[in-house]
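2 protein chains.
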Amino acid sequence: MLASGALAHGGITLFSSPAPRFAETEERGIAIMGKIRVAINGYGNLGRGVEKALAHAEDMELLAVFTRRAPETVVTAGAPVVALRELPSWVGKIDVVINCGGSATDLETQTPQVAEHFNVVDSFDNHAHIPAHFAAVDATAKEHGTLALISSGWDPGFFSLQRAYGLAFLPAGETYTFWGPGLSQGHSDAVRRISGVKHAVQYTLPVEENMQRILAGEKLELSTAEKHRRQVFVVLEEGADADAVREAIVTMPDYFAPYETEVNFISEAEFARDHTGMPHGGHVIRIGETTPGTTQVVHGELKLDSNPEFTGSVLAASARAVARMAAAGATGAITLFDVPPAQLVAADPAELRQHWL
Amino acid sequence: MLASGALAHGGITLFSSPAPRFAETEERGIAIMGKIRVAINGYGNLGRGVEKALAHAEDMELLAVFTRRAPETVVTAGAPVVALRELPSWVGKIDVVINCGGSATDLETQTPQVAEHFNVVDSFDNHAHIPAHFAAVDATAKEHGTLALISSGWDPGFFSLQRAYGLAFLPAGETYTFWGPGLSQGHSDAVRRISGVKHAVQYTLPVEENMQRILAGEKLELSTAEKHRRQVFVVLEEGADADAVREAIVTMPDYFAPYETEVNFISEAEFARDHTGMPHGGHVIRIGETTPGTTQVVHGELKLDSNPEFTGSVLAASARAVARMAAAGATGAITLFDVPPAQLVAADPAELRQHWL
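Keeping their order, the protein sequence lines are chains A and B. To convert, note that position 222 of the first sequence is 222 in the numbering used here; the numbers rise steadily by one, no gaps. For the numbering used here, count along the second sequence from 1 and bump the result up by 357.
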């Protein structure tokens, strides 16, 4: 797969002469043969999700987990834990670093920094800031001859792919994204900040009736609030006023006020039993007309028991593609839009064509 | 997009030095600037579907329709009709030929022939013969410096992409493909050959109950007959024996005998009113576990009013990608597995990232 100087893939020779960045790529220690050497940067829910995904990838190995915490306080499933400040001394030993920090505080700083020395993957999901993040990472990666895949995961990521194919194959149409049923961390945090709330989770749910109308081919104009409703489960502090808490939730601007919101008060035992997972999912629907009155519907759906484990799995596959494309000489910033699907899969191209086409 | 010597795309420079095939590519007349020049080879339902799709593509133009019939007997929506034997004299004037013949008789011969002179796209869908067809096309295309994308459409094609991403993102799991509700041309033809049948259509339908169990996360082992049932609408010849026709249908080996088959007899007027469209669709479902007991479901669905118009739309987008990738120096055979999604879309990469990621 990572043949010297040429990435022969799917029968197409991408490079007939040595790729210009190939020598420098070798200096960086790209694994031309053998397993793809991966490091995880940040060991929260997402970092653990990536670690679990790598256990399914026989062509990849997890070399180390880097952390800002004291390494001796971090327990992995087996990989050595290393202080993040030591990362630069690993140049030449790692093919791809998977940045598992948060979009709010970490990735905008960390991904360009890591791209100075390593190929890198991140899950940057602040849609409004993606163009700026892409530009910053692209400049650094091009200057240093590395390859950086940003904004991978499920949305942005898998859902972005669904949107792009919908646009490609049905250029005249409308695209709808519905999120849920799924846990929203941001909305859960907002509820937890209300006085009297001990524990809380918020689930985003699609408005099923409107989604079914769209799936049946209707072109509706819907606001976000017409596409989603909100379901909250709260454990109250001893003596807290349930009505006041409910009122504080349903009237909260932006977060809840525009939405149909259902508030449920439950016991601490029920909370522990039913609400500690991190499910998520949703739907991307493209309704197009190829000729007037001829309606074509493309629909993608995810139903995830664990958001961080699926996101981690997409990041692991993305790291595989980055290692292969970097070895073939690619540099700069990319997204999943720029990755041939075959590059994400462990199976070789002939097997993929024979059994999966 | 088709910048000279380098395909700068998604921030990644695929070629930092002139691509080796680029000069020869220019000799073949690849449109470096301006619209992508497309020809349709074969003007049946699929050819007309491609023609309709190209009407939505402002970056592409349909230069000619090639046919084996007498050109004066073929009426297009506007493109000139040319005898197929004249195709070689169009070298240098066409960027991509879209082969719209049938898999049973035409494409195995035509696609290698066309690839001697032109970049080409086909919808070859005989799964068992794909490896041999790929090898034959790849050898010719590499020898002549052309690029050929085979087996595009909805299945193989869009559904193949769904299967590949499912495999990439959930490597431990099972993949299920359900076809329908949709018109099967082969099964309709088989019914029409029965004595006493004047008109007939056959719809393939997924066995809804089994599909819902899988969507709920169950891993079932299902035969094709457990995944699909068959629904037939027949207009009888005057005086034909309905019971004999029904018996001939439901006992037909391979085609109907293994399946739950429903046979309906209708009038010629009902047939004309309700059964002359070519709807199709189906579902690709990947059920995976990222850790034991943590189930993740990836589900893709198509609901198509017109199979040939959607297939034509996928072929048109594929032709766009082929023109761009050929201009960047790619040669040989490829499938949609080898195409970065951004190459299929008319929008430029920055717009795609900003609005569709």
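Built from N, CA and C at the ideal position, the CB exists for glycine as well. Everything numeric in this text was worked out from a predicted model, so none of it was measured.
As a beta-bridge residue in DSSP terms, A/Phe178 pairs with A/His283.
Within chain A, the residues placing a beta-carbon under 7 Å from that of B/Arg520 are Trp356, ordered along the chain.
Taking a Cβ-Cβ threshold of 8 Å, the residues of chain B close to A/Glu309 are Thr647, Thr648, Thr651, Gln653, in chain order.
If you look at A/Asn45, you'll find it isn't in any beta strand (DSSP E); it sits in the alpha helix (DSSP H) that goes 45 to 54.
When 8 Å is used as the limit between beta carbons, A/Leu304 is near these residues of chain B: Gln653, Val654, in chain order. Using a C-beta cut-off of 8 Å, the segment 594 to 601 of chain B makes no contact with the segment 563 to 576 of chain B, since fewer than three inter-stretch Cβ pairs fall below that distance. Following the DSSP letters along the chain, one finds A/Pro206 inside the beta strand (DSSP E) bounded by residues 197 to 206. For B/Val679, the three-state secondary structure derived from DSSP is helix.
Under the three-state reduction of DSSP output, B/Leu441 falls in the helix class. Residues of the same chain with a CB within less than 7 Å of the CB of A/Met211, apart from the 5 flanking positions on each side, are Phe178, His283 in chain order. When the beta-carbon positions are compared, A/Asn119 and A/Val250 stay at least 7 Å from each other.
At least 7 Å separates the beta-carbon of B/Thr651 from that of A/Asp122.
In the three-state reduction of the DSSP assignment, B/Ile455 falls in the strand class. When DSSP reads this structure, A/Glu262 sits in a beta bridge with A/Gln231. Under the Cβ distance rule, A/Glu58 does not count among the residues neighbouring chain B, no pair being separated by less than 7 Å. Within the segment 680 to 702 of chain B, the residues whose Cβ lies closer than 7 Å to any Cβ of chain A are, in chain order, Ala687, Thr688, Gly689, Ala690, Ile691, Thr692, Phe694, Asp695, Val696, Pro697, Pro698, Ala699, Leu701, Val702.
By the criterion of at least three beta-carbon pairs nearer than 8 Å, the segment 145 to 158 of chain A is not in contact with the segment 192 to 208 of chain A. Of all C-beta pairs linking the segment 697 to 704 of chain B to the segment 427 to 442 of chain B, fewer than three are shorter than 8 Å, placing the two stretches out of contact. Per DSSP, reduced to three states, the secondary structure at A/Ser188 is helical.
Taking a Cβ-Cβ threshold of 7 Å, the residues of chain A close to B/Ser670 are Phe169, Leu170, Thr290, in chain order. About 18 Å separates the beta carbons of B/His501 and B/Glu465, which is beyond the 8 Å limit, so they are not a contact pair. In the structure shown, A/Val297 falls within a strand segment according to DSSP collapsed to helix, strand and coil. Taken in chain order, the complete beta strand (DSSP E) segments of 3 or more residues contained in the segment 476 to 542 of chain B are 476 to 478, 504 to 506, 530 to 536.
The DSSP-derived three-state label of B/Leu661 is strand. DSSP places B/Ala472 inside the alpha helix (DSSP H), whose first and last residues are 464 to 472. Remark: C-beta atoms of A/Pro88 and B/Gln711 do not approach each other more closely than 7 Å. Cβ neighbours of B/Leu562 within its own chain (closer than 7 Å, five residues either side excluded): Gly537, Pro538, His585, Arg586, Gln588. When the beta-carbon positions are compared, B/Gly399 and B/Gly449 stay at least 7 Å from each other. At least 7 Å separates the beta-carbon of A/Leu54 from that of A/Leu63. Among the CB atoms of chain A, one or more fall inside 7 Å of the CB of B/Ala674.
Beta-bridge partners assigned by DSSP to B/Asn398: B/Phe423, B/Asn456. Measuring C-alpha to C-alpha distances from A/Leu183 to each of A/Val263, A/Asp243, A/Gly277, A/Gln113 identifies A/Gly277 as the nearest.
Taking 7 Å as the cut-off, the beta carbon of A/Val298 is found no closer than this to the beta carbon of A/Gly157.
Counting only Cβ-Cβ distances below 9 Å, B/Gly657 has contacts in chain A at Gln162, Val298, His299, Gly300, Glu301, in chain order. The three-state reading of DSSP puts B/Thr648 in strand, counting E and B together.
DSSP places B/Ala690 in the uninterrupted beta strand (DSSP E) bounded by 689 to 691.
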